[in-house]
Amino acid sequence: MTPEELAVVVRGALTDLAERGDMSVAVPDEVHIERPRNRDHGDYATNVALTLAKQAGIPPRELATALAEALAACEGIDSAEIAGPGFVNIRLDDAAQGELARGIVTAGSAYGTGNALAGRTVNVEFISANPTGPLHLGHTRWAAVGDAIARVLAAAGATVAKEFYINDRGVQMDKFGASVMAAAHGQPVPEDGYHGGYILDLAAEIIAAEPAILQLPEEEQLIAFREAAYGLQLRQQQSVLRIFHTEFDVWYSERTLHDSGAVVKGLDKLRGQGHVFELDGATWLRTTDFGDDKDRVLIKADGEYTYFASDTAYYVDKRDRGFDLCVYLLGADHHGYVNRLRAVAACAGDDMDDNVEVLIGQLVKIVRGGEEVKLSKRAGNIVTLEDLVDEVGVDAARYSLIRYPADSPLTLDLEVITQRTSDNPVFYVQYAHARVCSVLRNAEDLGIDWRNSDFDPAQLSHPREGELLGALGQFPRIVASAAELREPHRVARYLEDTATAYHRFYDACRVLPRGDEQLEPEHIARLWLCAATRQVIYNGLTMLGVSAPERM
RNA sequence: GCGCCCGUAGCUCAACGGAUAGAGCACUUGACUACGGAUCAAGAGGUUACAAGUUCGAAUCUUGUCGGGCGCACCA
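So the first sequence is numbered by numbering that gives the first Met the number 0: it starts at 0 and just counts up by one.
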């Protein structure tokens, strides 16, 4: 029995109480079932009596007592007891709990998915770096977490597109081009240019491919260098993200936004909504109508579009492409954009609480042996996504970034996550998966066909088996809450708990018959439990973009 | 000055208003003729920055104070 099924049972019991008329309780739509931290409190607990008592005018413990009596009589429930101020602690009978293993194995990769967000079409935009250098650690956090958010949203039933906005327009691109050109001529890079060592590499690569570029007139040459370097750098970003297992559905160029007329179209839409005005020769959007602290310029007095104009047009364009929720994942230094972007949605006639969502990721601080490693894209002394992957591997890098909520600052010690030991939780979880796979392989080698043997769920009566089943039953609600809250770290933490439950089970319960033992129903039941565990860990790791190795 | 985020074990961090605030690392002590010990068991470690409030109940919500990070362009 899953917690969701139990909630239905509890709700039914409450309905019975209400209909019998002893107690005038209004039966809530949702009954909160939780898994008590303390195992002495049973398999599950509900606080529903506490929440209903006041409004029903009944002391909580009295209501809880009546509910407990009703529940104890329900099928699949072994006992129900009141505790504390009015909790009802519920213990399932072994068969009802064990049946879960069959359900998970049958559901396969669908176990854990849901339909809470069915019908929502979501655009998740993240990273969106300038194509003027390698991706650094701030980008890397979102590369991992943003991708995981998208996967979790999809698991909750949403239709999701991952999008990368290429900031390939504006003065930063020109500075980038000028920097590469200077390097190509062996001259010092301009003061306000890009100084990383990669600039020299780009220059060398461009000259090698097209030596004649150095003979072009200066202005032409500048453009040629800029475009060549842009192409190379973008491909480098795309390649490293592919290695990182973060695949985008759409790479959207800011230039094409302008070239396609989308910017003009977006402006027209905003004008039609009546929030655009002229002042001092510039064209403004009155974002203060919707909570921004100042109005924003769309077209400067010199006739140039601002970056903000691109932003607004891009939002309108996303909505025109059919997305009903636009999620932006931004770095901490962009938190000033939150109100602005929400106001853009409102100015376009949308609901800024429903159509747009801006998440802010706090900074990642990197230390190496306790000493901070400074990051600076312009200075060149940077830790890049590629560096991190080279040092710790894709799985450890992704997992280390995903297992913490993105909205709190994070310190990673390279010396710690470089170690391929149990210091790093990803190995702990992957090891559990490999261990289950090993047991199932051994079963196969022994010729045990557990899938086609009778499965008696009541065999799973050991406390450690109950713990493991309880953990496995949590998975769907963990995924649902991770999606709802945009917090994939919940899945990672959950997997760690589940891995612990498996290791503890494994430690206490022999799965396979020893050499001279007969195959018993208990062995079969435990193999089903193993198979269910493998499925849950596999589904969870996959949701995080982390591999689930069968051997390590 | 205004605004956003954050203060939880020695360190890095969990805990969607619930019961005795939990993990990992580090520290102490046990369990290997191993279904994979990359594991398990036990111990020690806390005034959840501080103070008031809200309620059956607060690390969580409200207000204030202190401390830290970041942001406040006709830049991109």
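For every residue, glycine included, the Cβ atom is placed at its ideal position computed from N, Cα and C.
Keep in mind it's a predicted model, so treat the numbers as computed, not measured.
Straight-line CA distance for residue i to residue j?
i: N338; j: T282; result: 20 Å
i: L269; j: V123; result: 23 Å
i: K568; j: A149; result: Any property of residue 568 remains undetermined from this structure, which presents the chain solely from 0 to 551.
i: I165; j: Q220; result: 23 Å
i: G544; j: A72; result: 44 Å
i: Y43; j: L328; result: 36 Å
i: S375; j: V388; result: Below a pLDDT of 50, predicted positions are generally treated as unreliable, and S375, at 44, falls in that range; the measurement from the model is reported next regardless. Straight-line Cα distance between these residues: approximately 18 Å.
i: Q361; j: I126; result: 13 Å
i: D191; j: N37; result: 59 Å
i: T311; j: N129; result: 18 Å
i: D291; j: C346; result: 11 Å
i: I89; j: R320; result: 49 Å
i: M0; j: L459; result: 13 Å
i: H274; j: D350; result: 15 Å
i: E495; j: D386; result: 26 Å
i: R60; j: I365; result: 51 Å
i: G514; j: T50; result: 55 Å
i: V425; j: P210; result: 47 Å
i: T118; j: L266; result: A small correction: the amino acid at residue 118 is Gly; Thr does not occupy that position in the sequence shown. Near 29 Å, if we compare the C-alpha coordinates of L266 and G118.
i: V363; j: L278; result: 41 Å
i: G348; j: Y430; result: 51 Å
i: E68; j: A12; result: 9 Å
i: Y501; j: G392; result: 25 Å
Would you kindly report the start and end of the unbroken beta strand (DSSP E) that includes residue i?
i: K264; result: Per DSSP, K264 belongs to no beta strand (DSSP E); it is in the alpha helix (DSSP H), 261 to 272.
i: L358; result: 355 to 360
i: S252; result: 249 to 252
i: Y327; result: 324 to 330
i: F276; result: 275 to 278
i: K161; result: 158 to 165
i: D506; result: Looking at the DSSP string, D506 is not in any beta strand (DSSP E); the run it does join, the alpha helix (DSSP H), is 488 to 507.
i: T282; result: 281 to 284
i: A44; result: 43 to 45
Tell me which residues share the same chain as residue i and place their Cβ nearer than 8 Å to its Cβ, disregarding the 5 neighbours each side in the sequence.
i: R550; result: A433, C436, S437
i: A378; result: Here the model assigns A378 a pLDDT of 44, short of 50, so the residue's position is not dependable, and the following value carries that caveat. H194, G195, listed in sequence order.
i: L231; result: L201, E204, I205
i: V249; result: A160, K161, E162, F163
i: A115; result: A155, G156, A479, A482, E483
i: P187; result: A181
Where do the ends of the alpha helix (DSSP H) carrying residue i lie?
i: N338; result: 336 to 346
i: D480; result: The identity of residue 480 in the sequence shown is Ser, whereas the question assumes Asp. Residues 462 to 484.
i: S78; result: From DSSP, S78 is part of no alpha helix (DSSP H) but of the beta strand (DSSP E) over 76 to 82.
i: W558; result: With the chain represented from 0 up to 551, any question about residue 558 goes unanswered, as that position is not in the structure.
i: G527; result: With the sequence shown as reference, residue 527 is identified as Trp, and Gly is not the correct amino acid for it. It spans 520 to 542 - the alpha helix (DSSP H) in which W527 sits, taken as one unbroken run.
i: N441; result: 424 to 444
i: A395; result: 393 to 401
i: I103; result: 93 to 106
i: V9; result: 2 to 19
i: Y313; result: 306 to 319
i: T64; result: 59 to 71
Please return the same chain residues whose Cβ sits closer than 7 Å to the Cβ of residue i, not counting the five positions on each side in sequence.
i: V30; result: A6, V9, R10, T45, V47
i: P299; result: Sequence check: residue 299 is Lys here, not Pro. The residues are A281, T305.
i: F276; result: W283, R285
i: S452; result: I523
i: T287; result: K293, D294
i: T64; result: I81
i: Q534; result: I103, V104, G107, Y110
i: D455; result: P520, A524
i: T14; result: V26
i: S407; result: Q361
i: G169; result: Y306
i: R485; result: I148, L358
i: A153; result: V159
Who are the Cβ neighbours of residue i in its own chain at under 6 Å, not counting the five residues just before and after it?
i: Y403; result: L409, H488
i: L199; result: A182
i: R341; result: M351, V355
i: L445; result: none
Does the beta-carbon of residue i, which I'm using as the reference point, lie nearer than 7 Å to any heavy atom of the ligand GDP?
i: Y505; result: This structure lacks the ligand GDP; in fact it carries no ligand of any kind.
So, do the region 504 to 519 and the region 453 to 465 have three or more beta carbon pairs nearer to each other than 8 Å? With a cut-off of 8 Å, the region 453 to 465 and the region 504 to 519 count as touching, because enough Cβ pairs lie within range.
Decide yes or no for the touch test of the region 249 to 262 against the region 405 to 416: beta carbon pairs closer than 8 Å, at least 3 of them. Between the region 249 to 262 and the region 405 to 416 there are fewer than three C-beta pairs closer than 8 Å, too few to call the two in contact.
When you compare the region 439 to 458 with the region 524 to 544, are there three or more beta-carbon pairs, one atom per stretch, that lie closer than 8 Å? Under the 8 Å Cβ criterion, the region 439 to 458 counts as touching the region 524 to 544, having at least three qualifying pairs.
Could you say if the region 469 to 476 and the region 396 to 406 meet the contact criterion of at least three C-beta pairs nearer than 8 Å? These segments do not touch.
Are three or more beta carbon pairs between the region 528 to 541 and the region 482 to 495 nearer than 8 Å? Contact holds: three or more Cβ-Cβ distances are below 8 Å.
Report the start-end ranges of each alpha helix (DSSP H) in the region 183 to 235 that is 4 residues or longer and not cut off at the edges. DSSP runs (the alpha helix (DSSP H)) wholly in the region 183 to 235: 196 to 208.
Is there contact here, the region 136 to 146 with the region 99 to 107, by at least three beta-carbon pairs under 8 Å? Cβ pair count under 8 Å is below three, so no.
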